[in-house]
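A.B. asks:
Residue numbers (my numbering), protein chains in the order written: chain B, 6 to 195; chain A, 6 to 195.
Have a look at this one:
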């Protein structure tokens, strides 16, 4: 039996993306974004939605470039700090000890400590109510050497990304592997 | 030290959304979508990206309505089956035993067995390379009675959603809570 929960932003899992930008003076900023996700395979694109009141919005409009750093469980409290403070009046890098690293392909900084960083060029801007969606073409992905396995593939259990639970305002960690994709379902089809 | 991993669709966690639609004969279909996420708070909107070759694309264009059902770990293999087979030649509901339930607010079916179902009306269509992004206004969310706590809030550990690891083609389950959002970071700001 289902209960109506109303017209609300419910989805699981929500990501914890740290969106990195420079302002027009090249001061780095990082903002937590849970409204986003991959939106195209070719070219590879990722979408992040930002309110116009945010410093990140101004930076995105000026530079048309951003990064997405994916924090691990180890960086949970520092990532959360980037979601509480505003880059307009707080230097989040000073406060958290995160290191801004200039991206190679775009004019934006990623967070050196995070295991994964995407370098993105804004390709489309879509107005959607309270938020503006910035679609970024992913020009490169930088991944920490230490999260790769011997076959050259990143390992989820080493990256240990966070998932955001909006309803309870909590972070969770995707844990155990529960099945093989494009495989586990074959028993229903044969 | 970071390694360049190239221009690829990397992000963690990726969702496992079952997008439900009817075709013009009201035959239900469900497709697995990992390219998507919430994209606006007001009105509440969710974006899902679909290739034009998919049956779901035809259905979305015809009906301008869809649901997003969020499968739990228990439904992993049946969800995976919906990602392997095509609705053009397979009745995924018959094969998986999933039950199509007509949504209340839109002309689309959600999956009765999944703990969470969003009812969405297509409000914008954005062309992005290989994929077309359908932005849906969330008109209602239906949630199983059994995943609520005593305060009337859904509990992540009862919903047990899946996360998709594209690189390894695996499903993982967000496990333990690791911190309180908008709280854990305060120690870096005071």
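Just so you know, even glycine gets a beta-carbon here, dropped at the ideal spot from N, CA and C. Fair warning: this is a prediction, and the values are worked out from it, not measured in the lab.
Please list the terminal residues of the continuous beta strand (DSSP E) segment that includes residue 3(B).
C.D. replies: With chain B covering 6 to 195 only, the question about residue 3(B) has no answer from this structure.
A.B. asks: Within 10 angstroms of its Cβ, does residue 105(A) collect 16 or more other Cβ (buried), or is it exposed?
C.D. replies: buried
A.B. asks: Considering only residues of the same chain and omitting the five flanking positions on each side of residue 158(B), which have a CB-CB separation below 7 Å?
C.D. replies: none
A.B. asks: Under 7 Å, Cβ to Cβ, is there at least one residue of chain B near residue 111(A)?
C.D. replies: no
A.B. asks: Considering just the uninterrupted stretch of the beta strand (DSSP E) at residue 52(B), what are its terminal residues?
C.D. replies: 50-55
A.B. asks: Which term fits residue 154(B), buried or exposed, when burial requires 16 or more other beta carbons within 10 angstroms of its beta carbon?
C.D. replies: By the C-beta density criterion, residue 154(B) is exposed, having fewer than 16 other C-beta atoms within 10 angstroms.
A.B. asks: What does a CB cutoff of less than 7 Å around residue 150(A) pick up in its chain, not counting 5 residues either side in sequence?
C.D. replies: The beta carbon of residue 150(A) lies closer than 7 Å to none in the same chain, with the five residues before and after it left out.
A.B. asks: Among 94(B), 13(B), 78(B), which has the Cα closest to the Cα of residue 46(A)?
C.D. replies: 13(B)
A.B. asks: Kindly indicate if chain A contains any beta-carbon less than 7 Å away from that of residue 175(B).
C.D. replies: Cβ-Cβ to chain A under 7 Å: yes for residue 175(B).
A.B. asks: Looking at chain B, which residues of the stretch 88-105 of chain A have a Cβ within less than 9 Å of any of its Cβ atoms?
C.D. replies: 88, 89, 90, 95, 97, 100, 101, 102
A.B. asks: May I ask which residues mark the beginning and end of the alpha helix (DSSP H) holding residue 22(B)?
C.D. replies: Residue 22(B) -> not in any alpha helix (DSSP H); beta strand (DSSP E) instead, spanning 22-27.
A.B. asks: Classify residue 110(B) as helix, strand or coil using the three-state DSSP reduction.
C.D. replies: coil
A.B. asks: Please identify the residue among 189(B), 123(B), 169(B), 72(B) whose C-alpha is closest to the C-alpha of residue 42(A).
C.D. replies: 169(B)
A.B. asks: Rank 34(B), 124(B), 164(B) by C-alpha distance to the C-alpha of residue 96(B) and give the top, closest one.
C.D. replies: 34(B)
A.B. asks: For a test of the three-state rule: what should DSSP assign to residue 15(A), helix, strand or coil?
C.D. replies: coil
A.B. asks: By DSSP, does residue 74(B) sit in helix, in strand, or in coil?
C.D. replies: strand
A.B. asks: For a contact defined as C-beta to C-beta under 9 Å, what are the partners of residue 140(B) on chain A?
C.D. replies: Within chain A, the residues placing a beta-carbon under 9 Å from that of residue 140(B) are 131, 133, 138, ordered along the chain.
A.B. asks: Going by DSSP, what residues sit across from residue 123(A) in a beta bridge?
C.D. replies: 73(A), 146(A)
A.B. asks: Within 10 angstroms of its Cβ, does residue 156(A) collect 16 or more other Cβ (buried), or is it exposed?
C.D. replies: Exposed: under 16 other Cβ atoms inside 10 Å.
A.B. asks: For the candidate residues 139(A), 167(A), 192(A), whose alpha-carbon lies nearest to that of residue 65(A)?
C.D. replies: 139(A)
A.B. asks: For the beta strand (DSSP E) containing residue 42(A), name the first residue and the last one.
C.D. replies: Start and end: 41-45.
A.B. asks: Would the beta-carbon of residue 21(A) fall within 7 Å of that of residue 36(A)?
C.D. replies: no
A.B. asks: Can you look up residue 170(B) in the DSSP assignment and give me helix, strand or coil?
C.D. replies: strand
A.B. asks: Rounded C-beta distance between residue 132(B) and residue 72(B)? I'm assuming under 8 Å.
C.D. replies: Not a contact, Cβ separation roughly 23 Å.
A.B. asks: Is it true that the CB of residue 75(A) sits closer than 7 Å to the CB of residue 187(B)?
C.D. replies: No.
A.B. asks: The stretch 19-36 of chain A: which residues have C-beta closer than 8 Å to a C-beta of chain B, in chain order?
C.D. replies: Taking 8 Å as the cut-off between beta carbons, the residues of the stretch 19-36 of chain A near chain B are 19, 20, 22, in sequence order.
A.B. asks: Could you check whether the stretch 105-114 of chain A touches the stretch 45-62 of chain A, counting it as contact only if at least three pairs of C-beta atoms, one from each stretch, sit closer than 8 Å?
C.D. replies: no
A.B. asks: Tell me, please, which residues DSSP counts as bridged to residue 153(A).
C.D. replies: Its beta-bridge partners are 159(A).
A.B. asks: Taking a cut of 7 Å between CB atoms, which residues from the stretch 53-65 of chain A lie near chain B?
C.D. replies: So the list reads 54, given in the order they occur along the chain.
A.B. asks: Does chain A have any CB closer than 7 Å to the CB of residue 14(B)?
C.D. replies: yes
A.B. asks: Against residue 146(B), what residues of chain A qualify as contacts under a CB-to-CB distance less than 8 Å, listed in chain order?
C.D. replies: Within chain A, 9, 10, 11, 12, 13, 15 have C-beta atoms less than 8 Å from the C-beta of residue 146(B), given in sequence order.
A.B. asks: Rounded to whole angstroms, what's the CA-CA distance from residue 91(B) to residue 59(B)? Just pull it up for me.
C.D. replies: 8 Å
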